Amino acid sequence: MSHITLDLTHTGPFIRPEEWAAIEPQAVAAAKLLDSRRGPGADFLGWLDLPVKYDRAELRRIKAAARRIQRQSQVLVVIGIGGSYLGAKAALEFCRPTPPLPPTWSRKKGPLQVCFAGTNLSGTYLQQLLDALGERDFSINVISKSGTTLEPAAAFRFLRHHLEARYGKEGARQRIYATTDRSRGALRTLADREGYETFVVPDDVGGRFSVLTAVGVLPLAAANVDVDALLRGAADARARYRTASLADNDALRYAAARNILYRKGKLIEMLVSYEPRLLYLAEWWKQLYGESEGKDGKGIFPASAQFTADLHSLGQYVQDGRRHLFETLVDIEMPQHDPALPPTDDDLDGLNYLAGKSMRFINEQALQGTLEAHVAGGVPNIRIGVPEASPYYLGHLFYFFEKACALSGYLLGVNPFDQPGVEAYKKNMFRLLKA
Ligand code: PA5
4 MSHITLDLTH
14 TGPFIRPEEW
24 AAIEPQAVAA
34 AKLLDSRRGP
44 GADFLGWLDL
54 PVKYDRAELR
64 RIKAAARRIQ
74 RQSQVLVVIG
84 IGGSYLGAKA
94 ALEFCRPTPP
104 LPPTWSRKKG
114 PLQVCFAGTN
124 LSGTYLQQLL
134 DALGERDFSI
144 NVISKSGTTL
154 EPAAAFRFLR
164 HHLEARYGKE
174 GARQRIYATT
184 DRSRGALRTL
194 ADREGYETFV
204 VPDDVGGRFS
214 VLTAVGVLPL
224 AAANVDVDAL
234 LRGAADARAR
244 YRTASLADND
254 ALRYAAARNI
264 LYRKGKLIEM
274 LVSYEPRLLY
284 LAEWWKQLYG
294 ESEGKDGKGI
304 FPASAQFTAD
314 LHSLGQYVQD
324 GRRHLFETLV
334 DIEMPQHDPA
344 LPPTDDDLDG
354 LNYLAGKSMR
364 FINEQALQGT
374 LEAHVAGGVP
384 NIRIGVPEAS
394 PYYLGHLFYF
404 FEKACALSGY
414 LLGVNPFDQP
424 GVEAYKKNMF
434 RLLKA
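So for the sequence shown, our numbering puts the first residue at 4; every next one is plus one.
Below you can see the structure in the form of structure tokens.
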């Protein structure tokens, strides 16, 4: 079976062999520290073994709940934010990308649609969602580890109210699924009191590492994504990225390359892709790396770009602006569809020389031309090749990035599993809200 590849060829002009030699013992030490489970944040390493130590009984319950949601409803509203949202959203867009023109809803029972709430405090968004739900049957999966996060808690109030008004308290109870802490927190208390079916965010898995728990798996199963393949991909990645050898472990090589580039002033990493289905994978990745590394005055700033669209907006800066960037390209090697460009009689746009060529061929030449130009312009490029956009490779990719993120944090000398910085704005916000 082909697998995910890491190509560091285009970091060559920017990293000297001595730098690889110098970082090797540090990278090996970081890998051993993670493996020993004695490093900073060691209480939050449950994600490391999740793909093989998954709670099988819970997985069966998740699949049963997913089938029930499909029978009950036309829409599943997933309520959550940050780590309780981005993984499921990224996976859904990756596996079932939103079509450019979403199909018009009809009363006929079609496949379940999944939408999200609790990711903002916009009344307009909420009202639009309630209006769009209209007469459609819907269920709710409310996800919050703490149970007290403002955005999802506020959205849940609105949607629960709507659901109870529509189906009565008992009917609503059968349509609400809560994913939260095993025993603590406001959502756990409410779910137990109301009798909602619940799923667990394990104590030793932080929000941004939780996509392979019920947090990601229930919405994906409900959307008919093959979650067994997702977990199998992650399990294979776990086996692949275990060794503490820089030469043999791509997650460690990625972490080491990033660290060398960072030390040389490349302070911004842009995750770029040429397939729109990767847009939210980049959002998930930004949270993972931003919250894990950005602390104690340190860290690479994670940014993203969607090519070729952003070549027409950010392209000038990337080519010619301050030289503090590097790019990590996630390249899906086999697109799902590959139509050929049609010819025209008048050839007014001058593209007939490409007639009959596939869109994949054209996209690849854009990729190659951009890569060469950016590298020549002083932007190192790391390429991650993904054979195809399937749940199996997505599971592999999730695990690859999580493992590399933990190793990157240890190489940087931070605790990759805490997020002390996110409390500051909350303190101010709640002071103002309570004033
Ligand atoms: O990574 C994190 O810890 C955060 O992004 C949280 O996931 C996010 O704030 C949501 O928290 P909760 O699940 O407690 O509502």
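Note that beta-carbon positions come from the ideal geometry of N, C-alpha and C, so glycine has one too.
What you are looking at is a predicted structure, and each value in this text was computed from that prediction instead of being measured.
Residue i in three-state terms, based on DSSP
i                 : result
tyrosine 180      : strand
glycine 388       : strand
lysine 56         : coil
alanine 343       : strand
asparagine 355    : helix
isoleucine 26     : helix
threonine 201     : strand
asparagine 252    : coil
glutamate 96      : helix
lysine 437        : helix
glutamate 278     : coil
isoleucine 335    : strand
lysine 301        : strand
isoleucine 18     : coil
threonine 373     : helix
glutamine 368     : helix
arginine 41       : coil
tyrosine 88       : coil
alanine 260       : helix
leucine 104       : coil
phenylalanine 159 : helix
valine 208        : coil
leucine 62        : helix
threonine 192     : helix
lysine 267        : coil
proline 423       : helix
aspartate 349     : coil
leucine 124       : coil
glutamate 173     : helix
glutamate 138     : coil
valine 214        : coil
Bounding residues of the alpha helix (DSSP H) (the contiguous stretch that carries residue i)
i             : result
isoleucine 7  : From DSSP, isoleucine 7 is part of no alpha helix (DSSP H); its letter is neither H nor E.
serine 307    : Note, serine 307: premise wrong, no alpha helix (DSSP H); beta strand (DSSP E) at 304-309.
lysine 116    : Per the sequence shown, residue 116 should be read as glutamine rather than lysine. Unbroken run through glutamine 116 is the beta strand (DSSP E), 116-120; no alpha helix (DSSP H).
leucine 233   : 230-243
aspartate 49  : Looking at the sequence provided, one finds glycine at residue 49 rather than aspartate. Here glycine 49 belongs to no alpha helix (DSSP H), and DSSP marks it neither H nor E.
glutamine 290 : 282-296
glycine 219   : 217-225
glutamine 319 : 318-323
Bridge partners - residue i, DSSP secondary structure assignment
i             : result
glutamate 330 : Met273 and Asn384
glutamine 130 : Looking at the DSSP assignment, glutamine 130 forms no beta bridge with any residue, so it has no partner.
serine 361    : Ala343
lysine 430    : The partner list for lysine 430 (beta bridge, DSSP) is empty, contrary to what the question assumes.
Residue span of the beta strand (DSSP E) that contains residue i, given as start and end
i           : result
serine 142  : 141-146
leucine 410 : Run containing leucine 410: none in the beta strand (DSSP E); it sits in the alpha helix (DSSP H), 394-415.
valine 1    : Any property of residue 1 remains undetermined from this structure, which presents the chain solely from 4 to 438.
**OP:** Assess, as a yes-or-no matter, whether the segment 416-423 is touched by the segment 353-370 under the definition of 3 or more beta carbon pairs within less than 8 Å.
**Re:** No contact exists between the segment 353-370 and the segment 416-423.
Original post:
If you pair each beta-carbon of the segment 84-102 with each one of the segment 206-214, do three or more pairs fall below 8 Å?
Top reply: By the Cβ rule, the segment 84-102 counts as touching the segment 206-214, because three or more pairs are nearer than 8 Å.
Subject >> the segment 337-351 in contact with the segment 298-312 per 3-pair CB rule at 8 Å >> reply: No: fewer than three Cβ pairs fall under 8 Å.
Subject >> Three-pair Cβ contact test at 8 Å for the segment 255-262 versus the segment 37-51 >> reply: As far as the Cβ criterion goes, the segment 255-262 does not touch the segment 37-51, which means the pair count is below three.
Original post:
Is it true that the segment 149-158 meets the segment 63-78, where meeting means three or more beta-carbon pairs spaced less than 8 Å apart?
Top reply: At 8 Å Cβ cutoff, the stretches do not touch.
**OP:** May I ask you to verify whether the segment 393-404 touches the segment 233-247, counting CB pairs closer than 8 Å and requiring at least 3?
**Re:** Contact holds: three or more Cβ-Cβ distances are below 8 Å.
Subject >> Stretch pair the segment 397-414 + the segment 239-258: three plus CB contacts closer than 8 Å >> reply: These segments touch.
**OP:** For the segment 276-283 and the segment 91-98, state whether three or more C-beta atom pairs, one from each stretch, are separated by less than 8 Å.
**Re:** Because the criterion of three Cβ pairs below 8 Å is met, the segment 276-283 and the segment 91-98 touch.
Subject >> Any 3 or more C-beta pairs closer than 8 Å across the segment 321-332 and the segment 379-387 >> reply: With a cut-off of 8 Å, the segment 379-387 and the segment 321-332 count as touching, because enough Cβ pairs lie within range.
Original post:
How about the segment 30-38 and the segment 195-209: do they share at least three Cβ pairs that are nearer than 8 Å?
Top reply: No contact exists between the segment 30-38 and the segment 195-209.
**OP:** Evaluate contact between the segment 50-70 and the segment 235-245, counting only Cβ atoms and requiring at least three cross-stretch pairs below 8 Å.
**Re:** Because the criterion of three Cβ pairs below 8 Å is met, the segment 50-70 and the segment 235-245 touch.
Original post:
How about the segment 129-149 and the segment 181-188: do they share at least three Cβ pairs that are nearer than 8 Å?
Top reply: With the cut-off at 8 Å, the segment 129-149 and the segment 181-188 touch.
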